[in-house]
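Letter by letter, the sequence shown follows residues 5 to 290 in the numbering used here. We put the beta carbon where it would ideally sit given N, CA and C, even for glycine. None of these values were measured; they are calculated from a predicted model. Everything on this sheet refers to the single structure shown next.
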Amino acid sequence: MQKGTLYIVATPIGNLEDITLRAIRILREVGLIAAEDTRRTRILLDAYGIDTSLTSLHDRNELKKSAHLITRLNDGTDIAYVSDAGTPGISDPGYVFVKQAIAEDIRVVPIPGPVAAVAALNVSGLPMDSFVFFAFLPSRSGKRRHLLESVRGETKTMVFYESPNRLVSTLKDIGEILGDRQIAVSRELTKIYEETLRGSVGEVIESLQGKKVKGEITLVVSGAATTRPGVSPEEIRTRFQEARKDPASSTRDIIDTLSEETDMPRKEIYRHVIDFIQEESDNGSY
Ligand code: SAM
Numbered sequence: 005m006q007k008g009t010l011y012i013v014a015t016p017i018g019n020l021e022d023i024t025l026r027a028i029r030i031l032r033e034v035g036l037i038a039a040e041d042t043r044r045t046r047i048l049l050d051a052y053g054i055d056t057s058l059t060s061l062h063d064r065n066e067l068k069k070s071a072h073l074i075t076r077l078n079d080g081t082d083i084a085y086v087s088d089a090g091t092p093g094i095s096d097p098g099y100v101f102v103k104q105a106i107a108e109d110i111r112v113v114p115i116p117g118p119v120a121a122v123a124a125l126n127v128s129g130l131p132m133d134s135f136v137f138f139a140f141l142p143s144r145s146g147k148r149r150h151l152l153e154s155v156r157g158e159t160k161t162m163v164f165y166e167s168p169n170r171l172v173s174t175l176k177d178i179g180e181i182l183g184d185r186q187i188a189v190s191r192e193l194t195k196i197y198e199e200t201l202r203g204s205v206g207e208v209i210e211s212l213q214g215k216k217v218k219g220e221i222t223l224v225v226s227g228a229a230t231t232r233p234g235v236s237p238e239e240i241r242t243r244f245q246e247a248r249k250d251p252a253s254s255t256r257d258i259i260d261t262l263s264e265e266t267d268m269p270r271k272e273i274y275r276h277v278i279d280f281i282q283e284e285s286d287n288g289s290y
């Protein structure tokens, strides 16, 4: 008998329209949907007129329930797994189920869609070509500070999930340990009260003064500066401005040359150059 397929299906992180056509079809066609919270998933299924049977698989029963569902898959039933919101396994259950399915030689198929971390990166205004995702920071200040100490040298943009109650104390820890970095705090993405606060840690803390933070929060923090001593952003700007006087040089050529001369990655020079051009355009001089 042919085994069933396990589909790992991403669902909206707020706005019910953020679901793919394929996800809707798969949820409709499978024999069973395993969900982190069946009541919550029922709301989504009702919105799309899907009446597939539901069963629960959450972090407290994942080991046992996965084993049971593997039997169903081995018997030929196609199963979709959905978590409460976004992509299963990302700060959500799913990993154990996928691992067990792979061990049983069951086909596992992703049905990609929303991830809060990626949505927040998209609107952060911080480099998003590569990033490090840390999921939730430890809730206790001691452990949180310890983790932050360990990432002080991280040069990639960092993304954290955070509870609204802890946001301000986490930001204070970040300010003290990582410095007054540029950050973006995204709240309630894709929902009615969606907002993103951008600025330095100090500026964002100030803008939150006296306010009660509510809703789901994703925090994006810029990586540590990688500019080597002697090749400061100001120096790159000066060299860029100088090189630009030659009308035969394109921005791309200048970036290539600066990258060679400074031994800095092209990507990093490009970022600085984009910042300068943006500043000039904001000041009306470009
Ligand atoms: N699996 C989900 C994903 O793919 O993003 C993450 C689940 S995790 C249990 C929930 C956390 O994700 C929230 O506490 C918050 O930090 C973040 N999050 C989820 N939805 C969000 C939203 N609409 N706006 C901002 N952050 C969100």
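Which whole-angstrom value describes the C-beta separation of residue 220 and residue 202, a residue pair presumed to lie in contact below a C-beta threshold of 8 Å?
-> Taking the Cβ atoms as the reference, residue 220 lies roughly 18 Å from residue 202, outside the contact range of under 8 Å.
Taking only the alpha-carbon atoms, compute the straight-line gap between residue 229 and residue 159 and give it to the nearest angstrom.
-> One C-alpha to the other measures close to 6 Å.
Which one of 51, 63, 279 and 243 has the shortest CA to CA distance from residue 87?
-> Considering only alpha carbons, the answer is 63.
With DSSP as the reference, label residue 166 as helix, strand or coil.
-> In the structure shown, residue 166 adopts extended strand secondary structure according to DSSP, grouped into three states.
Coarse secondary structure for residue 46, derived from DSSP in three states = Reduced to three states, the DSSP call for residue 46 is helix.
Kindly provide the ranges of any beta strand (DSSP E) runs that are 3 or more residues long and lie completely inside the segment 97-142, ordered along the chain.
-> Listed in chain order, the complete beta strand (DSSP E) runs (minimum 3 residues) inside the segment 97-142 are 111-115 and 135-140.
C-alpha gap between residue 151 and residue 33, whole angstroms | So the alpha carbons of these two residues sit roughly 44 Å apart.
Pick from 31, 213 and 118: whose alpha carbon is nearest that of residue 89?
-> Its Cα nearest to that of residue 89, the residue 118 stands out among 31, 213 and 118.
At what residues does the alpha helix (DSSP H) containing residue 27 begin and finish?
-> Unbroken alpha helix (DSSP H) run through residue 27: 25-33.
Within 8 Å, strictly: CB atoms of residue 13 and residue 84 | Cβ atoms of residue 13 and residue 84: closer than 8 Å.
With 16 other Cβ atoms within 10 Å as the buried cut-off, status of residue 226 = A residue is called buried when at least 16 other Cβ atoms come within 10 angstroms of its Cβ; residue 226 meets this threshold and is buried.
Candidates 31, 59 and 146: closest to residue 49 by CA position | Comparing Cα-Cα distances from residue 49 to each of 31, 59 and 146, the minimum goes to 31.
Drop a sphere of 10 angstroms on the beta-carbon of residue 273, count the other beta-carbons inside from all chains shown, and report buried for 16 or more, exposed for fewer.
-> By the 16-neighbour rule on beta-carbons within 10 angstroms, residue 273 is buried.
Assign residue 53 to one of two classes, buried (16 or more other C-beta atoms within 10 Å of its C-beta) or exposed (fewer than that).
-> It is exposed - the Cβ of residue 53 has fewer than 16 other Cβ atoms within 10 Å.
Going by beta carbon distance, what residues of the same chain come within less than 8 Å of residue 60, once the five residues before and after it are set aside?
-> The beta carbon of residue 60 lies closer than 8 Å to those of 38, 39, 40, 41, 42 and 69 in the same chain, with the five residues before and after it left out.
Among 24, 75, 247 and 122, which one has its Cα closest to the Cα of residue 139?
-> Looking at the Cα atoms, 122 is the closest of the given residues.
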